[in-house]
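Numbering (my numbering), first residue to last: 977 to 1367. The structure appears below as structure tokens.
So, in structure tokens, the structure goes:
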């Protein structure tokens, strides 16, 4: 067995997601475990260089996590032939340009979602990545972390086992109350609520729901969506009041073509202006002819056709059934690692040994396609078809 080095340029990792999920819980964790194991028994050790505008932040972050290399010159980092992967978790507005620069510099690229703020740019960068793959063997990847969460992996296991029978519907509930900033400190960056800075619930979350729906429940065919800015005034990190110009909630219905060709209805409620009374910050309730299941981030509970109770509707008496107790918990039958880390390991294997990998930039472009369809539906107050996206 041998260990080979993989140089990774990591851009935008001083932000919340880039630092916590991608740097600390993924790359640093992979290094601590001795690298990524390949099919032939060899290992790959990521050797990151942290790149950003603020030298003080870069140096402090690198020192805190035992990373030897950092810098502020992205062009110099891209010019280094020893670093073959470029990762971006910076602002969405800059992402297509940065990815294009990295691809033209001969780098494999991996990035956070959304891959762009509009479909034209998303398709353009996805097309550039596909051309580079065909001509130079360069790989691309877009983060689709929700697919690797324990709750959704259990849901997918039930689907693959035929538990649902004919799938009928999916109900997605996502969100929590994000503090306005006047009474309590905000727990999400203020740019999330400014359209001009790339904020908005639809842009942020529809990219997630596209790959979740396509992979677990059925290919999205059409969508009807209503957005809202429920909280029009917020306070930023410095306590300064500002006008919220982005949507902080959205309510959508989508038609899906199920994996077995069935017609599946998906309802999606997402809000940063709701208070939680459910099992998790996001839940997926799936109904089928043979059974139903409800999953959160970690847990999943199911109820089969033969175990379905017989409730009686009587509005004149207090309900005696405890419906939550009538579901069977799906056990943890394997170790579930961090979802971001799992996808990083998949991408590293894809780069080094050409292992199968389907979460590419064209797949990321599909998320932006659903964003635009949802925004169009909201604007025009009608259903919008979602055709096959050709890159």
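Cβ atoms here follow ideal geometry from the backbone N, Cα and C, with glycine treated the same way.
With respect to the 9 angstroms criterion, residue 985 and residue 1063 are classified as neighbours on the basis of their beta carbons.
For the beta strand (DSSP E) assignment, the uninterrupted runs of no fewer than 3 residues enclosed by the region 1109 to 1168 are, from N- to C-terminal side, 1116 to 1118, 1143 to 1151.
Per DSSP, residue 1024 is one residue of the beta strand (DSSP E) stretching across 1019 to 1027. With respect to residue 1157, residue 1212 sits close: the two C-beta atoms are nearer than 9 angstroms. Within the DSSP secondary-structure output, residue 1086 pairs in a beta bridge with 1063, 1117. The beta carbon of residue 1125 sits closer than 6 angstroms to those of 1273, 1315, all from its chain and outside the five residues before and after it, given in chain order. Bridge partners of residue 1239 according to DSSP: 1233. Excluding the 5 residues flanking it on each side, residue 1360 has same chain C-beta neighbours closer than 7 angstroms at 1198, 1199, 1349, 1352, 1353, in chain order.
In this structure the region 1064 to 1083 lies against the region 1092 to 1106, because at least three pairs of beta carbons, one per stretch, are closer than 8 angstroms. Pairing residue 1151 with residue 1248 gives a Cβ-Cβ distance under 9 angstroms.
DSSP places residue 1364 outside any beta strand (DSSP E), giving it a letter other than H or E. Pairing residue 1262 with residue 1166 gives a Cβ-Cβ distance that is not under 9 angstroms.
In the same chain as residue 1231, and ignoring 5 residues on each side of it, the C-beta atoms closer than 6 angstroms to its own belong to 1197, 1198, in chain order.
For residue 1228, the beta-bridge partners assigned by DSSP are 1201, 1244. Residue pairing of residue 1263 in beta bridges, as defined by DSSP: 1145, 1268. The same chain holds no residue with a CB closer than 8 angstroms to that of residue 1282 once the five nearest residues on each side in sequence are set aside. Excluding sequence positions up to five before and after residue 1229, its CB lies within less than 6 angstroms of the CB of 1200, 1243, all in the same chain and listed in chain order.
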